[in-house]
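Report on the structure given below.
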Amino acid sequence: MSAEATDTRYVVVAPGEGQVVLTVVGADGTVLESRTLTGSGGTERSRTDHAPGAATDVDLTAAVRELERDGVRWTWADTALTYPPLLAAGVRVARCHDLRLARRILRNAAWLAGTPFARAAHDAWDDPAPVPGTTDGLFDSAALSPVRGPALDPVHELQRQLEVLRPAPSDPSTAPSSAPPQVPSQVPDDRRGRLRLLVAAESAGALVAAEMAFCGLPWRADVHDALLTTILGPRPVEGYRPAMLEAKLDEVRAALGTTDVNPDSPADLLRALRRAGLPVTSTRSWELKELDHPAVAPLLEYKKLARLWTANGWHWLDAWVRDGRFRPVYVVGGVVTGRWASDGGGALQLPHQVRDAVRADDGWSFVVADAAQLEPRILAAMSGDPAMARAGRAADMYEGIVATGAVETREHAKYGMLGAMYGGTQGVSGQVLPQLQRAFPRALGVVEQAAATGQRGGRVTTWLGRTSPPPGAQRSAAQGLASDPDADTAATDRARAQARSWGRFTRNFVVQGTAAEWALCWMALLRGRLRELGGEAALTGSPHLVFFLHDEVIVHTPAALADDVAEAVVACAVEAGRLLFGEPDAVEFRLSVARVTSYAQAKQPSQDGDAATRDQGVEG
DNA sequence: CACGGCTGCCAC
DNA sequence: AAACGTGGCAGCCGTG
């Protein structure tokens, strides 16, 4: 993930009608060479799987294989469109530059405000990527796709992005290349360097996402089905509830003295509960839990079972698991903070209940690794708070905080820190906040400052320069109203509440977003190491990433390599910390690492919160 | 009947 | 411990 190399050569892939143009561009933006690939006779493919931006008629694979040996950075509009066909043809690439993902980051970057790049008029590069596979007749997105139009020249776009990211010539680290057309402004080179790293990491993430979709998460439908049958009863006839749900529902109805309550309708259920004399204001589980009534227990059980049935039951299995693999669609950068989102399949919310269906292939293992207390460690690192960094070198950071004497118990440390990062004010969070502020003024200052900026309507940035969106029009309108002396108090209160809410968002943004950057770097580095471990073997025949969830990865690996993989995962976590925050390892990014054959054997959430008993992994 | 808002719960 | 951050998604229910 060497984002900095000045000798990098970019190969821009520009698909057109019946041809693909490959343009080699130097790090200074100079076009070095270009070649046109045309549909070679005989191998012409059907256009039925035509995706916009993908090289459909032209076989790219040979050219990619050849140029890949030179270590180039592949540059294309959308990794999600262009890379999957290459993977299907057995081709992998080491590095890429995703123009659309980079564009979004750079256009929003507050650090680049005032540059010509930031001020340029909106164009189609700012539009969302076309959706792959939407190619039916009238709404053929390929035909409509601006990617194919003359207006969107990927070479030109790369040149613009390289220019805005290029270090100023005064920077001693800059190679004395021919004077680049200078240069947007007084953006400090340090910031440009961070943005270069962010763009490289985001692009690497796009490669990982495509590869994970290609490989899929190993999923045993038979195990899943057996699990459902055990918990819910046999699969019911379509339109009927499973037996165990009906049984619980009978108990609920008996206890409430009704025969016809629909437990799936909150309004109906609420009425029935109140008729039975229960003083509830909603049907939320946590509210019901407080009540002493014979209907409560079976109702809570019903809700639990119903959730499993509707969200991850047989329908889900039919829809999302094929040939022993679960293939969710990951949306890189889909969350404003830089976290990934997913589209369909609920990949970001796989309940622990069903994780036993995630099984390694015969002779293979999973290495499941999860960053321990990632966000507080990130806050310690980005704030440079020496006392909190000391706590962040402990195996368990919350114990580390207790050891500084700032708070009494691990629970106080945990909920205090979570509250500080989320903007909590009530309960334990609020109580210990002053203690944390006293002990860690710089760290708490970072989040307080971010909250204050957001509350004023300002924007904040992560460590690498991802910038929060401007407050919505709705908020601004409310603000305007609030400053109007005639505004009624209700409107004023609403405006204040909205401002505070935006402050909580920006408070969390800087930490969550920087944690996402660490995780991207971690995964990008790991991807490279896994490729080395795999040697010449194909992606699915060697250790490969199969799952990523904010601060957690799963690698599917031949069992014989599992120990090497576990070591690599830990090494990459350390390296990711250095990449972002520099050499000294002021904070240690610890992992818990498990070598398992079922995902369910990896950490379980314990009932009493976040067990301090969890093992702290192989780096011990 | 499609769509969107709302509720509630899952994940981190 | 408490109802405080980011999301996805199923089902209900009112609206056009």
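Heads up, the first sequence is in the numbering used here, so the first residue is 84 and it goes up one at a time.
Backbone N, C-alpha and C define an ideal beta-carbon position, used for all residues, glycine too.
It should be emphasised that the depicted structure is a prediction, and the values quoted were computed from it without experimental measurement.
- Straight-line measurement puts the Cα of Leu-519 at about 42 Å from the Cα of Arg-178.
- Following the DSSP letters along the chain, one finds Arg-587 inside the alpha helix (DSSP H) bounded by residues 572-617.
- Between Leu-120 and Val-141, the gap from beta carbon to beta carbon is short of 8 Å.
- Cβ atoms of Ala-526 and Gly-586 stay farther apart than 8 Å, at about 18 Å.
- Scanning Ala-359, Gly-360, Pro-325, Gly-288 for the CA closest to the CA of Lys-387 turns up Pro-325.
- Distance from the CA of Pro-362 to the CA of Asp-647, rounded to the nearest whole angstrom, comes to 57 Å.
- Arg-318 sits in coil when the DSSP states are folded into three classes, being neither helix nor strand.
- Under the DSSP assignment, Ala-145 falls in the alpha helix (DSSP H) whose first and last residues are 144-151.
- Under the three-state reduction of DSSP output, Ser-466 falls in the helix class.
- Fewer than three pairs of CB atoms, one per stretch, sit closer than 8 Å, so the segment 405-424 makes no contact with the segment 324-343.
- Take the alpha-carbon of Ala-474 and the one of Thr-492: they are about 14 Å apart.
- Glu-671 and Leu-663 have their C-alpha atoms roughly 12 Å apart.
- Leaving aside the five residues that flank Tyr-385 on each side, the residues in its chain whose CB is nearer than 7 Å to its CB run, in chain order, Leu-328, Lys-331, Leu-332, Val-335, Pro-346.
- Counted as a single uninterrupted DSSP element, the alpha helix (DSSP H) harbouring Tyr-385 occupies residues 379-395.
- Of all alpha-carbon atoms in Asp-90, Val-95, Val-94, Gly-122, the one lying nearest the alpha-carbon of Gly-101 is that of Gly-122.
- Scanning the segment 415-503 from its first residue to its last, the whole beta strand (DSSP E) runs of 3-plus residues come out as 447-454.
- Judged by beta-carbon spacing, Val-247 lies within the 8 Å limit of Thr-198, meaning their Cβ atoms are closer than that value.
- If you check the CB distance, Ala-192 and Leu-278 come in under 8 Å.
- Shown here, Arg-190 sits in a helix according to DSSP, grouped into three states.
- DSSP lists Leu-300, Val-404 as the bridge partner or partners of Phe-409.
- Under the three-state reduction of DSSP output, Pro-211 falls in the coil class, being neither helix nor strand.
- Assigned with DSSP and collapsed to three states, Pro-98 falls in strand.
- Distances from the alpha-carbon of Leu-674 to those of Gly-665, Ala-645, Glu-635 put Glu-635 closest.
- Beta-bridge pairing by DSSP links Tyr-93 to Val-108, Arg-156.
- Around the beta-carbon of Thr-364, fewer than 16 other beta-carbon atoms lie within 10 Å, marking it exposed.
- Here DSSP, grouped into helix, strand and coil, assigns Thr-165 to helix.
- About 20 Å separates the CB atoms of Arg-274 and Gly-660; that is not less than 8 Å, and the two are not in contact.
- Residues Trp-302, Ala-304 of the same chain have their beta carbon placed closer than 6 Å to that of Val-404, with the five preceding and five following residues left out of the count.
- Counting along the chain, Phe-664 sits inside the alpha helix (DSSP H) bounded by residues 645-664.
- Between Ser-512 and Gly-528, the gap from beta carbon to beta carbon reaches 8 Å or more.
- Rounded to whole angstroms, the gap between the alpha carbons of Gly-428 and Lys-686 is 22 Å.
- Around the CB of Ser-466, 16 or more other CB atoms lie within 10 Å, so the residue is classed as buried.
- Listed in chain order, the non-local C-beta contacts of Ala-669 below 7 Å within the same chain comprise Ala-464, Ala-472, local neighbours out to five positions each way being set aside.
- From the listed residues Leu-431, Gly-502, Ala-389, Val-418, the smallest Cα separation to Phe-409 is found for Leu-431.
- Taking the Cα positions, Ala-522 is about 24 Å away from Gly-537.
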